[in-house]
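Below is one structure, written out as structure tokens; the observations come after it.
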Amino acid sequence: MRSVPVTLAGTGVRLGLPCAEAVTMSTGFSELDQRLDGGGWPAGVLTELRIGHAGIGELRLLMPVLAPLSRKAHVLWVAPPYKPYAPALVAQKMALERLILVYPRTHREALWAVSQGLLSPSIGAVVSWFPAIREGEFRNLQRRASEGHHWAFCFLPETLAPRPSRLRLALRPTHEGLRIVFSRKAKRPLAPLVITL
Amino acid sequence: MLPLEVFGLRQAPFGVVDGRVLIACDAKARSYGLSPGLSVTQACVACPTLSLQARDRLAEATLLENLAVFAYRLSPRVVVKSAGLLMHFTDKMSPVGDPHTLFSRVARQLEDLGYQAELAIAPTAAAAWLCASSGTRSIWMAHDDWRTALRSLPITGLTLAKVVHDACADLGLSLVGELLDLPRAGLSRRFGPDVVQALERLNGERPELDVSWVPPPLFRRRLVFSFAIDTEEALLFGIHRVVREWVLVLRSRDARVSQFTVEMGCADRTVHSERFTLVHPERSAQVLMRLVRERLRDWRPSAAITSVAVAAPLEVSTEGSLSFCHEEMRLDDGFKELLDRLHARLGRESVRTLSWYPDHRPERSALEGPWPSQGLPAHMPILRDRPLWLVDPPKPLDVIHDTPQSSGPLRLVAGTERLETGWWDGPVVRDYFIAVNDRNERLWVFRSADGHWFLQGYFG
Chain A
1 MRSVPVTLAG TGVRLGLPCA EAVTMSTGFS ELDQRLDGGG WPAGVLTELR IGHAGIGELR
61 LLMPVLAPLS RKAHVLWVAP PYKPYAPALV AQKMALERLI LVYPRTHREA LWAVSQGLLS
121 PSIGAVVSWF PAIREGEFRN LQRRASEGHH WAFCFLPETL APRPSRLRLA LRPTHEGLRI
181 VFSRKAKRPL APLVITL
Chain B
1001 MLPLEVFGLR QAPFGVVDGR VLIACDAKAR SYGLSPGLSV TQACVACPTL SLQARDRLAE
1061 ATLLENLAVF AYRLSPRVVV KSAGLLMHFT DKMSPVGDPH TLFSRVARQL EDLGYQAELA
1121 IAPTAAAAWL CASSGTRSIW MAHDDWRTAL RSLPITGLTL AKVVHDACAD LGLSLVGELL
1181 DLPRAGLSRR FGPDVVQALE RLNGERPELD VSWVPPPLFR RRLVFSFAID TEEALLFGIH
1241 RVVREWVLVL RSRDARVSQF TVEMGCADRT VHSERFTLVH PERSAQVLMR LVRERLRDWR
1301 PSAAITSVAV AAPLEVSTEG SLSFCHEEMR LDDGFKELLD RLHARLGRES VRTLSWYPDH
1361 RPERSALEGP WPSQGLPAHM PILRDRPLWL VDPPKPLDVI HDTPQSSGPL RLVAGTERLE
1421 TGWWDGPVVR DYFIAVNDRN ERLWVFRSAD GHWFLQGYFG
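Going down the list, the sequences are from chains A and B.
1 is the number of the first residue of the first sequence in our numbering; add one for each residue after it.
1001 is the number of the first residue of the second sequence in our numbering; add one for each residue after it.
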């Protein structure tokens, strides 16, 4: 598989097009880009992000990709743990009118909403929060993500048993910045990284 | 000014009459020695070519209402008075910048709309009103010696009952300073407490409580021509003036229009009405004018036209402007399908979008509503150092040994930023800090005026 790095300013961000090559988009943090295959967040992969609790800088980590995507397509957030604060999003250059917040009432509805977003050609990225998810359910979403070819991020509690994801990042706030521990399926392990947001 | 400004095309010299008294006249009429307060007979003798119109209070109210919409784009709080508008700004976080920029911007935009206005900025609404009604284009800030400056202005600019004005004239008082120097107790005995309260509000010693204006869901504007119009150009000029104003209103609401009505009143008392329906909601003055022009091309009025009116519901629409980009339209169609599916299964209330209301209290400014959005203001302030997650309502924090707690004691790493608001509905003063707890989470906390601590957000 060949990697095609996509620059933020470029027009190469293709949405919803079936594509055999792995499309990536710079994370906005050069140290992080260096660790990831293709030099950025991969499209068509349900990236698993493990956090102890919300509010540790997990959104700022994603803003460099979500903001430019919001100017080209819609961005779907499913079951965010708090109310997103509009002025801060605007300061991060997010196009508010393209941000759709979905508040499902049940776990089933949440899974359904995420998969709908992952398959819709009008969506650029899907970010979801789950307090728990079964292995089969995660696999299903993973499959939808690779079909729809969007950027997809799934926040899960750090206490949950590992899920079969292709890319998993455990995030933890430290005094110096956000500490990221990587685990990749069938790849050599990577050293942890601390980035300042 | 206002009674004059509602008449679109004025044939100079021009005056407006209320009853038998001239209440406003243009510059040309002034050059004949006319001034408001003269009787109609006197005015006509002094200036035989004077054209007169009866005062149109309804049109004045409509004009003010539309100017309020314009003002609302710049100020979080607008008050509509009988002869003008008040816009409230706080020192911090004005969307426009410093007062001088603000002033010139308002002046220029009003000029573009074809209005002449008296403007003034002052620390209290009453002072600004006094300066504007005295015709002094002043910008007074809190650190200026504005209270002294007010003293030299005429009493007639103050909003007081007519009996009070008459009494002041009888006493030989003409300047505000002379009134301010009178003992307050005596003033109160003689004229009632209202006068003293008005003076206290003027000086900022008493809070000013005016009812603030709420935007209407309908745009309606009628322009009355002071002389009958019989050429197409003149008619289109009149319509264009209304449409420009209307487009500003649409922009301020982030709204577009999908239907509207244009009505032309003729001298023979018939009204010709044209109804427009658009497939793609629109808010470009050019496109709207093109539609009107096309439609009116073959219309021959039965008599000269005396007025023109535009009415349109202000729908909040997130629909795009006429777009020739097929890729974008395809994506848009896909998005509508997705929304329909989400709505169908989860309910409209579960699919939300963010909007913003100009209020310094974060929990009031950040609005979340069903799709489509209620519209974002054109000038949303970009605020640094704000958290991405908002805790709404703010969560009270425990305090141990004077230190607020949230998963351990909080260390304040940045602040104070004082947010003050609400001179209209109970003053709120909060000191905001960025705090870090034992788990290295960054929190946005504030201390209320009574010393309690609250968690307002997480730097997610």
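Note that beta-carbon positions come from the ideal geometry of N, C-alpha and C, so glycine has one too.
Nearest neighbour of residue i, chosen from the options [CA to CA]
i       : options                               : result
B/L1390 : B/G1457, B/S1252 and B/S1104          : B/G1457
B/R1256 : B/P1281, B/R1244, B/G1265 and B/R1241 : B/P1281
A/V102  : B/Q1286, B/D1340 and B/T1270          : B/D1340
A/F138  : A/P162, A/S120 and A/H150             : A/P162
A/F29   : A/G177, A/P164 and A/E97              : A/G177
B/S1031 : B/L1050, B/F1227, B/R1020 and B/L1291 : B/L1050
B/D1254 : B/W1356, B/L1173 and B/E1349          : B/W1356
B/W1246 : B/R1283, B/W1213 and B/F1225          : B/R1283
A/I133  : A/V126, A/P121, A/S165 and A/A88      : A/S165
A/P80   : A/G55, A/A145, A/A91 and A/P68        : A/G55
B/A1083 : B/L1063, B/L1074 and B/R1077          : B/L1063
B/D1056 : B/L1034, B/E1111 and B/F1225          : B/F1225
A/V23   : A/T47, A/D37, A/R35 and A/A43         : A/A43
B/Q1011 : B/F1227, B/A1068, B/I1305 and B/F1459 : B/F1227
A/R179  : A/R188, A/K185 and A/L169             : A/L169
B/D1359 : B/P1154, B/R1147, B/H1088 and B/V1242 : B/H1088
A/H53   : A/E97, A/E158 and A/V75               : A/E158
B/A1393 : B/E1441, B/E1363 and B/L1218          : The sequence given here places Pro at residue 1393 of chain B; Ala does not occur at that position. Considering only alpha carbons, the answer is B/E1363.
B/L1086 : B/L1058, B/F1260, B/W1129 and B/N1066 : B/W1129
B/I1239 : B/L1288, B/D1210 and B/V1211          : B/L1288
C-alpha gap between residue i and residue j, whole angstroms
i       : j       : result
B/V1176 : B/A1132 : 14 Å
B/P1313 : B/L1278 : 13 Å
B/I1139 : B/L1102 : 10 Å
B/A1449 : B/E1417 : 13 Å
B/R1020 : B/A1117 : 25 Å
A/S26   : A/T174  : 23 Å
B/V1429 : B/R1447 : 9 Å
B/L1150 : B/D1144 : 11 Å
B/S1174 : B/L1182 : 13 Å
B/V1016 : B/S1039 : 11 Å
B/T1270 : B/H1165 : 44 Å
B/G1334 : A/S122  : 5 Å
B/E1060 : B/V1262 : 20 Å
B/L1383 : A/P104  : 30 Å
B/D1438 : A/L66   : 29 Å
A/M94   : A/T196  : 20 Å
Residue-chain proximity (residue i, chain A), Cβ-Cβ < 8 Å
i       : result
B/G1334 : yes
B/T1353 : yes
B/W1389 : yes
B/A1344 : no
B/P1193 : no
B/N1066 : no
B/E1417 : no
B/A1435 : no
B/W1356 : yes
Residue interval of the beta strand (DSSP E) (run including residue i)
i       : result
A/F153  : W151 to P157
A/L46   : L46 to I51
A/L36   : It is not in any beta strand (DSSP E) - A/L36 carries neither H nor E in the DSSP assignment.
A/K187  : First-last for A/K187: undefined, no H or E at that position.
B/F1461 : Because chain B in this structure spans residues 1001 to 1460, residue 1461 of chain B falls outside the shown range and cannot be described.
B/I1155 : Careful: B/I1155 lies outside any beta strand (DSSP E) and carries neither H nor E.
B/S1355 : V1351 to W1356
B/W1389 : W1389 to P1396
B/E1368 : A1366 to P1370
CB contact check: residue i to chain B, cutoff 8 Å
i      : result
A/L96  : yes
A/V127 : no
A/A91  : yes
A/H107 : no
A/H74  : yes
A/L111 : no
A/T174 : yes
A/A145 : no
Terminal residues of the alpha helix (DSSP H) in which residue i lies
i       : result
A/F138  : E135 to G148
B/T1062 : R1057 to Y1072
B/C1025 : It is not in any alpha helix (DSSP H) - B/C1025 instead sits in the beta strand (DSSP E) that spans V1021 to C1025.
B/C1131 : A1125 to S1133
B/A1285 : A1285 to L1296
Proximity test, residue i beta-carbon vs the ligand FMN heavy atom, cut-off 7 Å
i      : result
A/A191 : Judged by which ligands are present, the structure shown has none, so any question about the ligand FMN falls away.
Residue i - partner residues in DSSP beta bridges
i       : result
B/M1264 : B/H1272 and B/V1308
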